[in-house]
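This report concerns only the one structure given below.
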Amino acid sequence: MPAPGAEPLSAITFSGAGDADWIYAAQGGKLYRRPVKVTGANAWTVMKPPKPTL
Amino acid sequence: MRPFLLSLLLISAAIALPAQEYTLGPDSQPQDGTPKGTVIKFVLPPGKYYPGTPHNCAVYVPAQFDPSKPTPFMIFLDGGQALGSSMRVPVVFDNLIARHEIPAMIGIFVDPGILPVVSDTDQNRYNRIYEYDSMTPRFADFLLNELIPAVAKSYNLSKSPDDRGLSGVSTGAVGAFMAAWNRPDQFHRVLSFIGTYVAMKGADRLPALVRRTEPKPIRIFMQDGTNDHIVPTQTYGTSFAGSWPINNQVMYEALEFEGYDVKLVMGTEGHNLKQGGAILPDALRWLWRDYPQPVVVHEPAAVHEPDWDPVAKVFSTIYVDKPWQQIGGEFHSIYSLTADRNGNVYFPDPVAGCVDRVDATGKVTHFTEPPDYASIVRMGVGDQLYTYEPSTADIVASSTLTAVASGERTIIRNLAGVKDFAVTQKGAIYFIDGSSATIGFIDSAGEAKTALRWADLDGEMTLPHGLTLSPDQSMLVVSDGVSRYSWSFQIAPDGSLENGEPFYRMELPETTMLPWQSGTRGAMEDTAGMVYFATPLGIQICMENGRVAEILNCRRRAPSR
């Protein structure tokens with residue numbers, strides 16, 4: 001078994017009013033968040049992303 | 055690597071310049087009138103991490119030691135060598151401490167373990183390479199849970215990571231760096247002489263990880279020589295594992311790339327301590343300069359230059375001065391997260407038996423009434439929160455426009471074994487059905503069908519764990535909790551999944567915990583099409599083309615062993 005306190009990231013989501021520019025991450029029983037410079041996609045807005053770098 | 059520097063390095067190696075002379079300076083000689091510390095040797099008995107294996111140790115206690123104050127310390131791997139004539143750490147400490155050029159530190163010296171033989175006809179098992187040349191946190195665990203507590207019984211050791219340094223030579227340098235890399239919450243200063251960052255047991259992988267991973271608060275001094283494992287007849291190197299001088303340079307540049315406070319001194323010696331011993335006083339002064347100012351992370355200066363390319367850089371995603379903040383208290387476990395358009399986050403709370411909501415201020419409230427043992431939450435169109443409850447095997451949608459769930463309606467019944475699902479703009483649902491090893495599809499009229507049987511992929515997909523849609527909802531990403539690869543599927547007009555590819559290649563955790571495998575869990579996408587995977591290494595962010603370009607650190611440490 002993993003040692004105590006050694007959990008993986010168990011779930012993630014973008015969030016934020018307007019632009020979803022926070023990331024929330026769960027690690028076992030703890031929940032963390034931080035602001036980020038990117039914006040999360042969501043179910044209710046369909047948009048074509050830019051062509052990727054190749 | 056800068057072409058000019060690389061050229062210099064290679065030219066130096068190619069013509070195998072005679073080694074420059076290095077001698078121990080006055081800082082490495084006993085000085086009259088300088089207070090002398092004491093060195094006490096002891097044997098650390100076998101413990102949990104290296105069973106049956108004792109470690110020879112010693113502690114240097116400076117003459118200025120004040121037992122009433124938490125004392126900074128450095129741990130020297132290959133401790134006997136550090137105490138010996140090539141490095142003379144106690145003498146150097148005496149001199150630098152007396153002149154206040156480094157803090158009045160304790161030195162902890164630990165030799166690698168040797169498993170004793172049962173009889174004289176047997177050979178020992180020598181642990182040096184096993185303990186030091188390892189990407190796993192086992193050696194850090196040994197230091198933190200066995201060696202440091204043993205010394206702390208007698209001496210008041212500081213608990214601040216800024217007060218804790220590590221030093222290693224050759225493979226020991228890998229051990230020192232890895233202990234700090236795996237536990238940056240515990241160690242902030244690393245001294246690396248002739249570091250073995252070559253392809254022996256994984257340390258050659260470090261530069262690639264360093265360049266991708268959000269920087270950690272570690273200051274590192276490095277030294278190597280252009281003749282390290284280089285001889286005139288083998289200017290390409292004498293070892294199967296690669297080139298020491300080139301790999302030290304590559305490691306150094308990776309640390310520079312990611313904004314670390316790092317210095318590399320490249321001399322002309324081979325795989326020995328002639329230069330390292332001579333520059334040890336300078337290295338210690340550099341490593342402990344500005345003490346007690348903390349070692350902090352910062353962006354590389356190039357971020358502010360006009361030729362900075364922001365594509366696929368961790369600094370284009372995070373603010374280095376805004377790390378993870380914990381929200382709420384200790385929940386039992388959180389396996390699913392989603393968010394509405396107003397900045398509220400939802401997750402199933404199995405202890406409270408409800409779905410919790412966290413608002414933008416971090417306040418946590420119960421969104422659904424107990425008993426609600428939902429396991430998965432996903433936000434859909436029209437401010438509708440979709441939840442799956444295993445006991446009823448139903449997916450239910452409810453409005454999030456009110457402080458508690460309202461207007462509940464059942465979307466579909468009798469879906470046993472759902473592990474994750476994703477909702478489209480049209481209200482269709484894709485779900486991982488663990489019981490039938492399929493990915494199911496429920497169209498907007500509520501009709502369910504099988505979109506994919508992963509057994510049809512000839513075993514390439516092992517254990518689907520999370521789903522996410524591309525921003526244009528033309529692709530479905532399926533994360534795999536076991537395999538290194540997660541998948542991209544094209545969504546056909548009838549909703550079925552086609553043209554699947556094992557598109558995303560994760561960096562794997564270094565662990566002996568086999569059940570972890572890749573450990574990839576949920577996934578999400580940003581509006582640029584970058585895919586974010588929850589993994590044991592942190593959040594791995596893949597470019598649209600499938601490369602892992604960024605890794606956001608976990609707040610808590612990686613799996614043990």
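First to last, the sequence lines map onto chains E and F.
Per our numbering, the first sequence starts with residue 1, numbered consecutively.
Per our numbering, the second sequence starts with residue 55, numbered consecutively.
The beta carbon of each residue, even a glycine, is placed where N, CA and C say it ideally should be.
Problem set entry | Short Cβ contact (9 Å threshold) for residue 422(F) with residue 390(F) | Working through the second sequence from its first residue, we reach residue 422(F) at position 368. Working through the second sequence from its first residue, we reach residue 390(F) at position 336. The answer is no: Cβ separation not under 9 Å.
Exercise. How about residue 219(F) and residue 159(F): do their beta carbons lie closer than 9 Å?
Worked result: Here the question's residue 219(F) lines up with position 165 in the second sequence. Here the question's residue 159(F) lines up with position 105 in the second sequence. A contact, by the Cβ cut-off of 9 Å.
Problem set entry | Exposure of residue 436(F), with buried meaning 16 or more beta-carbon neighbours within 10 Å | Numbered from its first residue, the second sequence carries residue 436(F) at position 382. Exposed is the call here.
For this session: Would you mind reading off the limits of the alpha helix (DSSP H) that contains residue 279(F)?
Result: Within the second sequence, the letter at position 225 stands for residue 279(F). Element bounds for residue 279(F): not the alpha helix (DSSP H) but the beta strand (DSSP E), 273-279.
Exercise. Does the separation of the CB atoms of residue 530(F) and residue 524(F) fall below 9 Å?
Worked result: On the second sequence, position 476 is the one that residue 530(F) refers to. On the second sequence, position 470 is the one that residue 524(F) refers to. Contact: yes.
Problem set entry | CB-CB length for residue 401(F) against residue 26(E), believed under 8 Å | Residue mapping note: residue 401(F) aligns to position 347 of the second sequence, counting from 1. Residue mapping note: residue 26(E) aligns to position 26 of the first sequence, counting from 1. Sure, about 7 Å apart at Cβ, within 8 Å.
Problem set entry | Residues of its chain near residue 83(F), where Cβ-Cβ distance is below 6 Å and the 5 sequence neighbours each way are ignored | As a position in the second sequence, residue 83(F) is number 29, starting the count at 1. If we look at residue 83(F) and ignore the five residues flanking it on each side, it has no Cβ neighbours.
For this session: Would you tell me roughly how many angstroms separate the C-alpha atoms of residue 447(F) and residue 132(F), rounded to the nearest one?
Result: Walking along the second sequence from the start, residue 447(F) turns up at place 393. Walking along the second sequence from the start, residue 132(F) turns up at place 78. Roughly 58 Å separates the two Cα atoms.
For this session: Can you pull the chain E residues whose beta carbon is under 7 Å from the beta carbon of residue 115(F), in chain order?
Result: Translated into positions along the second sequence, residue 115(F) becomes position 61. The contacting residues do not exist; residue 115(F) stays about 31 Å from chain E at best.
For this session: For residue 602(F), count neighbouring C-beta atoms within 10 Å of its own C-beta (all shown protein chains included) and say buried if the count is 16 or more, exposed if not.
Result: The residue labelled residue 602(F) in the question sits at position 548 within the second sequence. It counts as buried.
Problem set entry | DSSP beta-bridge partners of residue 146(F) | Taking the first residue of the second sequence as position 1, residue 146(F) is located at position 92. Answer is none; residue 146(F) lacks a bridge partner.
For this session: Under 7 Å between beta-carbons, which chain E residues line up against residue 608(F)? List them in chain order, please.
Result: As a working note, residue 608(F) is residue 554 in the second sequence. Under the 7 Å cutoff, chain E gives 9, 27.
Exercise. When the cut-off is 9 Å and only beta carbons count, does residue 237(F) lie next to chain E?
Worked result: On the second sequence, position 183 is the one that residue 237(F) refers to. Output row for residue 237(F): interface = no.
Exercise. Where do the ends of the alpha helix (DSSP H) carrying residue 402(F) lie?
Worked result: Looking up residue 402(F) in the second sequence gives position 348. Taken as a continuous stretch (DSSP letters only), residue 402(F) belongs to no alpha helix (DSSP H), being part of the beta strand (DSSP E) at 399-403.
Problem set entry | Beta-bridge pairing of residue 504(F) - partner residues as DSSP gives them | Counting from one through the second sequence, the residue named residue 504(F) turns up at place 450. Answer by DSSP bridge pairing, in chain order: 494(F).
Problem set entry | Rounded Cβ spacing between residue 432(F) and residue 392(F) (contact assumed at less than 8 Å) | As a first step, residue 432(F) is located in the second sequence; it is residue number 378 there, counting from the start. As a first step, residue 392(F) is located in the second sequence; it is residue number 338 there, counting from the start. About 5 Å; that satisfies the 8 Å criterion.
Exercise. Taking Cβ-Cβ distances shorter than 8 Å, what residues in chain E pair up with residue 9(F)?
Worked result: It is not possible to answer for residue 9(F), since the shown part of chain F is limited to 55 through 615.
Problem set entry | Proximity of residue 43(F) and residue 227(F) at Cβ, strictly below 9 Å | Residue 43(F) cannot be examined here, being either before or after the span of chain F that is shown, 55 to 615.
For this session: Kindly indicate if chain E contains any beta-carbon less than 9 Å away from that of residue 580(F).
Result: Here the question's residue 580(F) lines up with position 526 in the second sequence. Interface residue, yes.
For this session: Grab me the residues of residue 350(F)'s own chain with a C-beta within less than 6 Å of its C-beta, minus the 5 sequence neighbours each way, in chain order.
Result: In the second sequence, residue 350(F) corresponds to position 296, counting from 1. Here the set comprises 271.
Problem set entry | Coarse secondary structure for residue 555(F), derived from DSSP in three states | Position 501 of the second sequence, counted from the first residue, corresponds to residue 555(F). Correct three-state label for residue 555(F): strand.
For this session: Return the chain-ordered list of same chain residues with a C-beta closer than 6 Å to the C-beta of residue 229(F), the five sequence neighbours on each side being excluded.
Result: The count along the second sequence starts at 1 and reaches residue 229(F) at position 175. Only 131, 186, 193, 222 meet the Cβ criterion.
For this session: Mind checking which residues open and close the beta strand (DSSP E) that includes residue 475(F)?
Result: By one-based count along the second sequence, residue 475(F) stands at place 421. Per DSSP, residue 475(F) belongs to the beta strand (DSSP E) from 472-477.
Problem set entry | Residue ranges of each beta strand (DSSP E) within the stretch 514-587 of chain F, 3 or longer | 518-523, 529-534, 539-545, 551-559, 577-579
For this session: Between the Cα of residue 44(E) and those of 9(E), 24(E), 18(E), 50(E), spot the shortest distance and give me the residue it belongs to.
Result: Taking the first residue of the first sequence as 1, we reach residue 44(E) at position 44. Cα-wise, what sits closest to residue 44(E) is 18(E).
Exercise. Helix, strand or coil for residue 259(F) per DSSP?
Worked result: For the purposes of this step, residue 259(F) is taken as residue 205 along the second sequence, with counting starting at 1. Residue 259(F) falls in the helix class under three-state DSSP.
Exercise. Shorter than 9 Å from the beta carbon of residue 534(F) to some beta carbon of chain E?
Worked result: Here residue 534(F) refers to the residue found at position 480 of the second sequence. No, its Cβ sits nowhere closer than 9 Å to a Cβ of chain E.
For this session: Would you check if there are 3 or more beta carbon pairs closer than 8 Å linking the stretch 289-307 of chain F to the stretch 241-259 of chain F?
Result: yes
For this session: For residue 433(F), go through chain E and note every residue whose CB falls closer than 9 Å to its CB, in chain order.
Result: Counted from its first residue, the second sequence places residue 433(F) at position 379. Result: 13, 42, 43, 44.
For this session: Mark residue 487(F) as exposed unless 16 or more other C-beta atoms lie within 10 angstroms of its C-beta, in which case mark it buried.
Result: In the second sequence, counting from the first residue as 1, residue 487(F) sits at position 433. That one is buried.
Exercise. In chain E, which residues lie less than 7 Å from residue 553(F) when you measure between Cβ atoms?
Worked result: Residue mapping note: residue 553(F) aligns to position 499 of the second sequence, counting from 1. Ordered by position in chain E, no residue passes the 7 Å Cβ test against residue 553(F), which lies about 17 Å from the chain.
Exercise. By Cβ distance, which residues of its chain are closer than 6 Å to residue 293(F), with the 5 residues on each side in sequence left out?
Worked result: Here the question's residue 293(F) lines up with position 239 in the second sequence. These residues qualify, in order along the chain: 283.
Exercise. If you compare alpha carbons, which of 242(F), 596(F), 589(F) is closest to residue 343(F)?
Worked result: Locating residue 343(F) in the second sequence gives position 289, counting from the first residue. Considering only alpha carbons, the answer is 242(F).
Exercise. Is residue 473(F) close to chain E, meaning its C-beta is less than 9 Å from at least one C-beta of that chain?
Worked result: Along the second sequence, read from residue 1 onward, the residue named residue 473(F) stands at position 419. Judged by the 9 Å Cβ criterion, residue 473(F) is not in contact with chain E.
For this session: Can you pull the chain E residues whose beta carbon is under 9 Å from the beta carbon of residue 272(F), in chain order?
Result: Working through the second sequence from its first residue, we reach residue 272(F) at position 218. Within chain E, no residue comes near residue 272(F); the closest Cβ sits about 20 Å away, beyond 9 Å.
Problem set entry | DSSP state of residue 213(F) mapped onto helix, strand, coil | In the second sequence, residue 213(F) corresponds to position 159, counting from 1. Residue state, collapsed to three classes: coil.
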